[in-house]
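Each number in our numbering corresponds to the 1-based position in the sequence shown with 1314 added.
From the three backbone atoms N, C-alpha and C, an ideal C-beta is built for every residue, glycine too.
Note that this is a predicted model, so its numbers are computed, not measured.
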Amino acid sequence: MPKTNKVIEIEIEKAIDSLSNQSKPNIAKTAREFAVSESRLRRRWKGGKSLFQRQPNGRSLLLYRRGLYVIILITLTRSEHQ
């Protein structure tokens, strides 16, 4: 079963703590040791925010906009046929 984002974030926090204690941080080795994505660990090590700290990506707004487009198209189509 795949790990949840919460479990992954806990592992990344542990990996960051481990990197902080290393005299010469080795991100690739630490990522393997804690079984986390190297790119995600690197981004977090460089100051990137976790999934839970970032702003939402606005998908619901996109769905709302898509719904508006459908309504507009239906309205325009009906007005052309009258």
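- With 16 as the cutoff for other CB atoms within 10 Å, does glutamate 1325 come out buried or exposed? buried
- Task: List the whole-angstrom C-beta distance separating threonine 1344 from serine 1334, where the pair is believed to meet the contact cut-off of C-beta under 8 Å.
- Result: Not quite, the Cβ-Cβ distance comes to about 10 Å (not below 8 Å), so this is no contact.
- Query: Just how far apart, CA to CA, sit asparagine 1340 and lysine 1363?
  - Reply: 20 Å
- CB of glutamate 1327 within 9 Å of CB of alanine 1342, strictly: no
- Report the residue from Val1321, Ile1330 and Ser1393 whose alpha carbon sits nearest the alpha carbon of glycine 1361. Ile1330
- Message: Contact defined as beta carbons within less than 8 Å: I believe isoleucine 1388 pairs with valine 1350. What is the distance between those atoms, to the nearest angstrom?
- Response: Their Cβ separation, rounded to whole angstroms, is 47 Å, which puts isoleucine 1388 and valine 1350 out of contact at 8 Å.
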